[in-house]
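Heads up, the sequence shown is in this note's numbering, so the first residue is 77 and it goes up one at a time.
Where a beta carbon is used, it is the ideal one built from N, C-alpha and C, also for glycine.
All of these numbers come straight from a predicted model, not from anything done at the bench.
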Amino acid sequence: MSEINYTEILKTKIPLNSLGSDGFAKLLNKINIDRYSPGRTICNRGEIDGLSNFLISGEVELIDDNNNSQKITADDSKGRFAFAQSQPRKFSVIALTEVVIATIANDFLDILVTWEQSSGMVVEEISPENSMLADDSDWMTKMLHSNIFFKVPPANIQAIFNRMTPVYVSEGETVINQGEQGDYYYIIKRGKAEVIRCDNSGAEYILAQIESGSGFGEEALMSDTKRNASVKMLSSGELMALGKNDFEQLLKEPLIKKVTYEKALQMKSEGIKIVDVRLKEEYENNHIPGSINIPMPLLRLKAKDIDDASIVVCCDTGSRSSAASYILSEDGFDVYVLDGGITSLSV
77 MSEINYTEIL KTKIPLNSLG SDGFAKLLNK INIDRYSPGR TICNRGEIDG LSNFLISGEV
137 ELIDDNNNSQ KITADDSKGR FAFAQSQPRK FSVIALTEVV IATIANDFLD ILVTWEQSSG
197 MVVEEISPEN SMLADDSDWM TKMLHSNIFF KVPPANIQAI FNRMTPVYVS EGETVINQGE
257 QGDYYYIIKR GKAEVIRCDN SGAEYILAQI ESGSGFGEEA LMSDTKRNAS VKMLSSGELM
317 ALGKNDFEQL LKEPLIKKVT YEKALQMKSE GIKIVDVRLK EEYENNHIPG SINIPMPLLR
377 LKAKDIDDAS IVVCCDTGSR SSAASYILSE DGFDVYVLDG GITSLSV
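Listed below in structure tokens is the structure:
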């Protein structure tokens with residue numbers, strides 16, 4: 077069976093059929109497809125493995141502790157659901173024919189389905205006819221389907237929208253200035269802007285152009301440092317602003333997953349990379365053995381070269397790591413931050 081057929085069959089399974097295109101794409105990145113020959117055991121009664129198994133093709137037999145059995149084929153009504161779903165499992169499952177099984181972690185699937193359903197409710201609840209946001213929910217939809225907001229609880233999302241305030245801007249207006257202390261996180265509701273960085277000689281460089289649904293100003297708030305770039309409007313428009321305290325409570329705290337040094341080393345032994353985001357000179361002076369160095373200014377550029385799904389990031393105190401976790405989360409990585417940073421260690 078070709079991969080495209082797997083995809084089409086998965087779309088008929090429940091609750092996978094409730095996912096939108098973005099949610100389904102995230103599912104495909106995390107799902108495993110396995111083949112079993114007749115007579116092979118797929119899972120055992122009493123197991124607690126945290127996995128959902130969907131029957132893509134073939135026939136299986138479910139056997140309980142009284143040796144009662146039932147058969148399920150991929151195309152019957154029961155075959156639309158994950159089989160032997162209870163944990164601990166109440167059934168052993170045996171392949172009666174050659175079968176193809178799609179496996180996904182329960183926790184991830186639950187988050188995916190909950191988020192897909194809740195995010196639609198959030199847009200509807202926050203954009204009633206008399207709401208200040210009613211004129212344009214497109215920016216909200218784009219924002220909700222970003223990798224960052226997928227990792228934030230739906231209740232926090234609703235609070236974020238409720239606490240945002242509109243800011244009207246003109247073409248050519250500078251919204252944030254490099255070197256200033258961060259006080260707000262912004263999302264563009266209408267309009268376009270450019271991100272500009274000024275080097276030590278005073279030369280300006282355009283780093284990016286951003287538009288509706290894009291956010292900016294997060295790095296200074298994540299790391300509690302000064303702005304590292306300016307943002308200038310290319311057109312008139314409207315921004316939605318979230319204050320620093322609300323940002324830290326509703327966005328920063330859910331995104332930062334801290335691990336101890338011992339846990340980081342354990343994760344490294346399991347093949348997960350430790351990425352040190354300090355400058356090259358700092359890294360060369362002292363670093364965790366086996367870590368790799370990608371300085372913060374290069375992180376967005378170099379992130380595409382990291383082939384791991386999960387990453388531990390570290391710096392001297394944890395400040396830059398917090399900003400790095402946001403950047404890497406935007407790119408879809410599962411990010412952990414070394415608690416306390418390098419300075420708390422004897423390396």
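Please state whether DSSP places Met-309 in a helix, a strand or coil. strand
Work out the CA separation of Pro-365 and Arg-121 for me, nearest whole Å. 43 Å
In this structure, how does DSSP classify Arg-273 when only helix, strand and coil are distinguished? strand
Gln-342 - containing alpha helix (DSSP H), residue span: 337-345
Three or more C-beta pairs under 8 Å: does that hold for the region 122-140 against the region 157-174? yes
So what does Gln-146 bridge to, in DSSP terms? Leu-138
Glu-295 burial status per 10 Å Cβ neighbour count (16 or more: buried): buried
Quick one: what's got a C-beta closer than 7 Å to Ser-207's C-beta in the same chain, skipping five residues either side? In this prediction, Ser-207 has a pLDDT of 44, which is less than 50 and means its spatial position is unreliable; what the coordinates show is noted afterwards. Correct list: empty, nothing qualifies.
In its own chain, which residues sit with a C-beta less than 6 Å from the C-beta of Gly-347, not counting the 5 before and 5 after it? none
Give me, in chain order, the residues of the same chain whose beta-carbon lies closer than 6 Å to that of Leu-92; leave out the 5 immediate sequence neighbours on both sides. Leu-86
Using the rule of at least 16 other Cβ atoms within 10 Å of the residue's Cβ for burial, across every protein chain shown, is Asn-105 buried or exposed? exposed
Can you check the region 78-118 for any alpha helix (DSSP H) of at least 4 residues that lies completely inside it and give the ranges in chain order? 79-86, 97-106
Going by DSSP in three states, Lys-227 sits in which element: helix, strand or coil? coil
Just to confirm the assignment, what range does the beta strand (DSSP E) spanning Leu-327 have? First-last for Leu-327: undefined, no H or E at that position.
When we look at the beta-carbon of Gly-293 and count the other beta-carbons within 10 Å, is it buried (16 or more) or exposed? buried
Distance CB(Ala-181)-CB(Gly-126) smaller than 8 Å: yes
Do Met-316 and Met-240 count as a contact pair if the criterion is CB distance below 8 Å? yes
Inter-residue spacing [alpha-carbon to alpha-carbon] between Asp-300 and Gly-258: 7 Å
Using a 10 Å radius around the Cβ and a threshold of 16 neighbouring Cβ atoms, would you call Ile-202 buried or exposed? Since pLDDT at Ile-202 reaches only 48, below the 50 mark, its modelled position is unreliable, and the value read off the structure follows with that caveat. Answer is buried; the Cβ neighbour count reaches 16.
Whole-angstrom distance between Val-353 and Pro-204, CA atom to CA atom: Caution applies to Pro-204, whose pLDDT of 46 falls short of 50 and renders its modelled position unreliable; the model cannot decide the point.
Is Tyr-262 near Gly-291, with beta carbons less than 8 Å apart? yes
Quick check: does the Cβ of Ser-94 come within less than 7 Å of any heavy atom belonging to the ligand ZN? In the structure on display, the ligand ZN does not appear, and there are no ligands present to speak of.
Same chain, Cβ closer than 8 Å to Asp-392, neighbours up to 5 away in sequence not counted: Arg-354, Glu-358, Gly-417, Ile-418, Thr-419
What alpha helix (DSSP H) runs, 4 residues minimum, are completely inside the region 360-386? 375-378
8 Å Cβ cutoff met for Val-388 and Ala-340: yes
Would you decide whether Arg-396 is buried or exposed? Buried here means 16 or more other CB atoms lie within 10 Å of its CB. buried
Taking just the CA atoms, how far does Asp-407 sit from Ile-224? 8 Å
Tell me which residue opens and which closes the alpha helix (DSSP H) that Ala-399 is part of. 395-406
With H, G and I counted as helix, E and B as strand and the rest as coil, what does DSSP make of Val-388? strand
Under 6 Å Cβ to Cβ from His-221, same chain only, skipping five residues before and after it: list those, please. Asp-98
Given a threshold of 16 other Cβ atoms within 10 Å of its Cβ, counted over all protein chains shown, does Tyr-402 qualify as buried or as exposed? buried
Can you name the start and end residues of the alpha helix (DSSP H) that Thr-217 belongs to? 214-220
For Thr-250 versus Ser-306, is the C-beta spacing smaller than 8 Å? yes
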